[in-house]
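Q:
Number of protein chains: 2
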Amino acid sequence: MKKARILIVDDEEDLCEILKFNLEGEGFEVDEAYSAEDAITKRLDKYDLLLLDVMMGKMSGFKLAEKIRKERGSTIPIIFLTAKDTKNDTLTGFSIGADDYISKPFSIKEVVARVNAVLNRTTGKYAGEQIINVEGMEFDLNKKKLIIDNKSIYLTRKEFEILQLLIENQGRIFSREEVLNYVCKYETVVTTRTVDVNIARIRKKMGKYGKFVRSRTGYGYYFDIQ
Amino acid sequence: MKKARILIVDDEEDLCEILKFNLEGEGFEVDEAYSAEDAITKRLDKYDLLLLDVMMGKMSGFKLAEKIRKERGSTIPIIFLTAKDTKNDTLTGFSIGADDYISKPFSIKEVVARVNAVLNRTTGKYAGEQIINVEGMEFDLNKKKLIIDNKSIYLTRKEFEILQLLIENQGRIFSREEVLNYVCKYETVVTTRTVDVNIARIRKKMGKYGKFVRSRTGYGYYFDIQ
DNA sequence: AACGTTTGTAACAATTTTGTAGCAAACCTG
DNA sequence: CAGGTTTGCTACAAAATTGTTACAAACGTT
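If you read the sequences in order, they're chains L and F.
The opening position of the first sequence corresponds to residue 1 in the working numbering, with each subsequent residue numbered one higher.
The opening position of the second sequence corresponds to residue 227 in the working numbering, with each subsequent residue numbered one higher.
1) I'd like to know if Phe254 (chain F) contacts chain L, where contact means its C-beta is closer than 7 Å to some C-beta of that chain.
2) Tell me whether Thr316 (chain F) sits in a helix, a strand or coil according to DSSP, three-state version.
3) For the alpha helix (DSSP H) containing Ile244 (chain F), name the first residue and the last one.
4) Assess contact between the segment 231-241 of chain F and the segment 266-280 of chain F, defined as three or more Cβ pairs (one per stretch) separated by less than 8 Å. Is contact present?
5) Whole angstroms are fine: how far does the CA of Glu243 (chain F) sit from the CA of Leu44 (chain L)?
6) Pick helix, strand or coil for Ala39 (chain L), following the three-state DSSP scheme.
7) Could you pull out every unbroken alpha helix (DSSP H) segment of at least 4 residues lying fully inside the segment 168-203 of chain L, listed in chain order?
8) Give the DSSP-derived three-state secondary structure of Leu372 (chain F) in the structure shown.
9) Which residues in the same chain have their Cβ closer than 6 Å to the Cβ of Ala259 (chain F), if we skip the five residues on either side of it in sequence?
10) Taking 7 Å as the CB-CB limit, is Arg398 (chain F) close to chain L?
11) Using the C-alpha atoms, what's the distance from Gly397 (chain F) back to Phe449 (chain F)?
12) Taking DSSP as the reference, what is the three-state secondary structure of Gly222 (chain L)?
13) How big is the Cα-Cα spacing for Val134 (chain L) and Tyr209 (chain L)?
14) Return no unless some Cβ of chain L is closer than 7 Å to the Cβ of Tyr445 (chain F).
15) If you draw a straight line from the alpha carbon of Glu161 (chain L) to that of Lys145 (chain L), how long is it in whole angstroms?
16) Using beta-carbon positions only, say whether Asp230 (chain F) and Asp274 (chain F) come within less than 7 Å of one another.
17) Would you mind reading off the limits of the beta strand (DSSP E) that contains Ser378 (chain F)?
18) Using the DSSP secondary-structure output, state which residues sit across from Asn359 (chain F) in a beta bridge.
19) State the CB to CB distance for the pair Leu392 (chain F) and Tyr447 (chain F), rounded to an integer number of angstroms; the pair is presumed to be in contact (CB under 8 Å).
20) From the DSSP secondary-structure annotation, give me the bridge partner or partners of Val30 (chain L).
21) Does the Cβ-Cβ distance between Ala36 (chain L) and Leu64 (chain L) come in under 7 Å?
22) Is Val54 (chain L) helix, strand or coil by DSSP?
23) Have a look at the DSSP bridge pairing and note the partners of Phe62 (chain L).
24) Hey, would you say Phe438 (chain F) sits closer than 7 Å to Ile451 (chain F), going by beta carbons?
25) Considering only DSSP beta bridges, list what Val213 (chain L) is partnered with.
26) At the level of alpha carbons, what is the spacing between Gly207 (chain L) and Ser441 (chain F)?
27) Given a limit of 9 Å on CB to CB distance, which residues of the segment 142-175 of chain L reach chain F?
28) Using the rule of at least 16 other Cβ atoms within 10 Å of the residue's Cβ for burial, across every protein chain shown, is Val337 (chain F) buried or exposed?
29) For my contact list, Val423 (chain F) and Arg402 (chain F) are in at a C-beta cut-off of 8 Å; report their separation, rounded to the angstrom.
30) Counting only the same chain and skipping the five closest in sequence on each side, list residues whose C-beta sits under 6 Å from that of Pro331 (chain F).
31) Taking its Cβ as the centre, do 16 or more other Cβ atoms sit within 10 Å of Phe139 (chain L), making it buried, or is it exposed?
32) Under three-state DSSP, which class holds Ile302 (chain F)?
33) Taking CB distances under 7 Å as the criterion, tell me whether Phe139 (chain L) reaches chain F.
34) With distances taken from CA atoms, which of F:Met363, F:Leu249, F:Ile399 and F:Gln390 is nearest Arg340 (chain F)?
35) Would you check if the distance between the CB atom of Lys158 (chain L) and the CB atom of Val179 (chain L) is smaller than 7 Å?
Have a look at this one:
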């Protein structure tokens with residue numbers, strides 16, 4: 001699964017570092033900007049989520065957010081970080097919404113939890129990309145297709161399942177029986193030779209990458225890039 | 227569509243900013259006033275809805291509301307925000323003619339939902355905008371319709387939900403089971419083939435854009451503009 | 001209850017996928 | 001290298017999936 005990319009915008013560099021370290025530990029890709037002006041120079045469409053400090057030097061997090069939403073028309077989810085206002089701690093009550101709102105001081109655990117929640121909500125439980133990359137070839141589990149040289153290669157269900165089995169167990173050899181058992185679990189019995197035909201079809205569709213789908217006479221098929 | 231204009235009156239400036247940001251994100255036009263006195267100086271008839279904090283410096287939200295209703299004879303819908311959730315306050319609010327009543331701490335989502343609800347109830351014609359644009363085709367989440375070549379295409383609820391699922395997860399393939407599960411979560415069991423019929427109806431209504439709703443035999447349906 | 005609308009089902013046609021058979025090519029073993 | 005075995009490939013047929021239509025049931029409104 002593709003990692004979500006997060007941009008932290010906060011003038012407290014120490015805080016940025018702590019957040020970055022912890023979010024990276026959770027498997028996210030994290031960039032930092034130490035001011036709103038700095039953030040604007042970045043290609044924001046690269047990111048899946050923004051963590052914005054509300055109180056920063058010249059331009060506040062709100063202004064930045066407004067700019068991003070209005071001028072760039074971006075719908076990127078935003079979580080605001082704000083210093084806890086002792087006068088009204090009602091702000092701590094903000095939790096759910098189109099965006100989110102976390103008051104300082106906050107626990108790292110809390111931030112991670114909210115980040116995950118927002119990403120799940122905004123990208124939908126379906127949207128997490130699931131792409132296996134092999135030698136410049138993309139194997140997209142959600143879109144059920146290969147991307148080779150920027151071209152989409154559509155595999156049928158059986159083809160896709162066989163290739164998935166082989167790619168997810170790179171190097172391991174599967175006998176025709178094993179492949180059939182994996183692909184046609186509860187279906188009527190078919191000749192083991194059908195595997196050959198499907199392999200041939202897969203190889204053909206894969207073009208120059210077809211050679212990575214290999215056979216060992218007497219054993220079966222496997223996927224390997226060597 | 228005319229945007230609804232909202233005035234937020236609250237002395238917590240941060241809270242105002244958050245509400246403003248999120249309501250604007252929903253397509254509303256939003257102004258702020260940080261005190262009742264400040265609000266009075268504004269031309270209130272410009273607005274379609276007031277969000278009033280009950281607890282503010284000198285003049286409370288209730289007083290302000292009374293003033294507006296009695297002295298100006300305005301019937302503008304009002305939603306009160308309050309820190310306390312006591313029955314007394316609630317009753318006071320409704321006797322003045324509050325349209326809704328939200329206790330802090332509250333979620334942004336909740337506020338937005340209530341704002342939409344009140345506006346729909348009172349004017350019927352306003353709502354925050356939520357429009358997805360794809361290839362010159364507008365997909366209006368609030369009005370549950372498509373706009374194609376400046377013409378409104380009205381989708382039924384099921385049709386709309388299916389299309390929304392597909393469009394919001396562009397490229398990803400959904401099996402009939404997944405689509406059904408998403409659209410008919412709590413309903414009686416139906417044939418997976420009903421999805422086909424709904425897809426057909428959606429395609430028909432979408433005219434030249436219908437082709438973007440695609441199928442992959444063995445997998446299901448997906449939306450893609452390629 | 002009567003009406004229009006939405007949604008589901010069944011049946012058939014059209015399309016795509018999948019399996020089989022047969023032959024050619026490659027592989028293995030002695 | 002000769003023979004049997006395994007694998008690659010192609011065309012065709014069978015099976016499965018999808019598109020489409022007409023009709024019926026369910027729903028909501030007046």
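For every residue, glycine included, the Cβ atom is placed at its ideal position computed from N, Cα and C.
A: Taking the geometry as given:
1) Counted from its first residue, the second sequence places residue 254 (chain F) at position 28. For Phe254 (chain F), the nearest beta carbon of chain L is not closer than 7 Å to its own beta carbon.
2) Taking the first residue of the second sequence as position 1, residue 316 (chain F) is located at position 90. Because the pLDDT of Thr316 (chain F) is 45, which lies under 50, any placement of that residue in the model is unreliable, and the number read from its coordinates should be weighed accordingly. Judged by DSSP in its simplified three-state form, Thr316 (chain F) adopts helix.
3) As a working mapping, residue 244 (chain F) is identified with position 18 in the second sequence. Annotation for Ile244 (chain F): the continuous alpha helix (DSSP H) segment containing it runs Glu239 to Gly251.
4) By the C-beta criterion, the segment 231-241 of chain F is judged to be in contact with the segment 266-280 of chain F, since at least 3 inter-stretch pairs fall below 8 Å.
5) Working through the first sequence from its first residue, we reach residue 44 (chain L) at position 44. Working through the second sequence from its first residue, we reach residue 243 (chain F) at position 17. Between the alpha carbons of Leu44 (chain L) and Glu243 (chain F) lies a gap of roughly 22 Å.
6) Here residue 39 (chain L) refers to the residue found at position 39 when the first sequence is read from its first residue. Taken through DSSP and simplified to helix, strand or coil, Ala39 (chain L) comes out as helix.
7) The qualifying runs are 176-183.
8) Counting from 1 along the second sequence, the entry for residue 372 (chain F) is found at position 146. Strand.
9) Walking along the second sequence from the start, residue 259 (chain F) turns up at place 33. The beta carbon of Ala259 (chain F) lies closer than 6 Å to those of Val235 and Ala265 in the same chain, with the five residues before and after it left out.
10) Mapped onto the second sequence, residue 398 (chain F) falls at position 172. Arg398 (chain F) has a beta carbon lying within less than 7 Å of a beta carbon in chain L.
11) As a position in the second sequence, residue 449 (chain F) is number 223, starting the count at 1. As a position in the second sequence, residue 397 (chain F) is number 171, starting the count at 1. Rounded to whole angstroms, Phe449 (chain F) to Gly397 (chain F) spans 6 Å at the Cα level.
12) To locate residue 222 (chain L), count along the first sequence from 1; it is residue 222. It is Tyr, not Gly, that sits at residue 222 (chain L) in the sequence shown. Three-state result, Tyr222 (chain L): strand.
13) Within the first sequence, numbered from 1, the residue matching residue 134 (chain L) stands at position 134. Within the first sequence, numbered from 1, the residue matching residue 209 (chain L) stands at position 209. When the Cα atoms are used, Val134 (chain L) and Tyr209 (chain L) turn out to be separated by approximately 10 Å.
14) Translated into positions along the second sequence, residue 445 (chain F) becomes position 219. Output row for Tyr445 (chain F): interface = yes.
15) Residue 161 (chain L) sits at position 161 when you count from the first residue of the first sequence. Residue 145 (chain L) sits at position 145 when you count from the first residue of the first sequence. Spanning the alpha carbons of Glu161 (chain L) and Lys145 (chain L) requires a straight line of approximately 11 Å.
16) As a first step, residue 230 (chain F) is located in the second sequence; it is residue number 4 there, counting from the start. As a first step, residue 274 (chain F) is located in the second sequence; it is residue number 48 there, counting from the start. Residue identity differs from the one stated: residue 230 (chain F) is Ala in this sequence, not Asp. The Cβ atoms of Ala230 (chain F) and Asp274 (chain F) sit closer than 7 Å to each other.
17) One-based indexing of the second sequence puts residue 378 (chain F) at position 152. Residues Lys377 to Tyr380.
18) Stepping through the second sequence from its first residue, residue 359 (chain F) is reached at position 133. F:Glu364.
19) Residue mapping note: residue 392 (chain F) aligns to position 166 of the second sequence, counting from 1. Residue mapping note: residue 447 (chain F) aligns to position 221 of the second sequence, counting from 1. Confirmed, about 6 Å.
20) On the first sequence, position 30 is the one that residue 30 (chain L) refers to. Bridge pairing for Val30 (chain L): L:Ile6 [DSSP].
21) If you number the first sequence from 1, residue 36 (chain L) lands on position 36. If you number the first sequence from 1, residue 64 (chain L) lands on position 64. Yes. Within cutoff.
22) To locate residue 54 (chain L), count along the first sequence from 1; it is residue 54. Annotated three-state conformation of Val54 (chain L) is coil, per DSSP.
23) Walking along the first sequence from the start, residue 62 (chain L) turns up at place 62. According to DSSP, which records beta bridges pairwise, Phe62 (chain L) is partnered with nothing at all.
24) As a first step, residue 438 (chain F) must be located in the second sequence, where it is residue number 212. As a first step, residue 451 (chain F) must be located in the second sequence, where it is residue number 225. Taking 7 Å as the cut-off, the beta carbon of Phe438 (chain F) is found closer than this to the beta carbon of Ile451 (chain F).
25) On the first sequence, position 213 is the one that residue 213 (chain L) refers to. Beta-bridge pairing by DSSP links Val213 (chain L) to L:Phe223.
26) Looking up residue 207 (chain L) in the first sequence gives position 207. Looking up residue 441 (chain F) in the second sequence gives position 215. Taking the CA atoms as reference points, Gly207 (chain L) sits about 24 Å from Ser441 (chain F).
27) So the close ones are Asn142, Lys143, Lys144, Lys145, Ser152, Tyr154, Thr156, Arg157, Lys158 and Phe160.
28) Counting from one through the second sequence, the residue named residue 337 (chain F) turns up at place 111. Note on Val337 (chain F): 16 or more other CB atoms within 10 angstroms of its CB, so buried under the neighbour-count rule.
29) Residue numbering aside, residue 423 (chain F) sits at position 197 when the second sequence is read from its first letter. Residue numbering aside, residue 402 (chain F) sits at position 176 when the second sequence is read from its first letter. Val423 (chain F) to Arg402 (chain F), Cβ: 11 Å. No contact.
30) Sequence index remark: in the second sequence, residue 331 (chain F) carries index 105 (1-based). Low confidence applies to Pro331 (chain F): its pLDDT is 49, below 50, so where it sits in the model is not reliable enough to give any reading.
31) Numbered from its first residue, the first sequence carries residue 139 (chain L) at position 139. So Phe139 (chain L) ends up on the buried side.
32) As a first step, residue 302 (chain F) must be located in the second sequence, where it is residue number 76. Residue state, collapsed to three classes: coil.
33) Within the first sequence, residue 139 (chain L) is the residue found at index 139, counting from 1. By this cut-off, Phe139 (chain L) is not an interface position.
34) As a working note, residue 340 (chain F) is residue 114 in the second sequence. The option with the nearest alpha carbon to Arg340 (chain F) is F:Leu249.
35) Counted from its first residue, the first sequence places residue 158 (chain L) at position 158. Counted from its first residue, the first sequence places residue 179 (chain L) at position 179. No, the pair does not count as a contact, with Cβ atoms beyond the cut-off.
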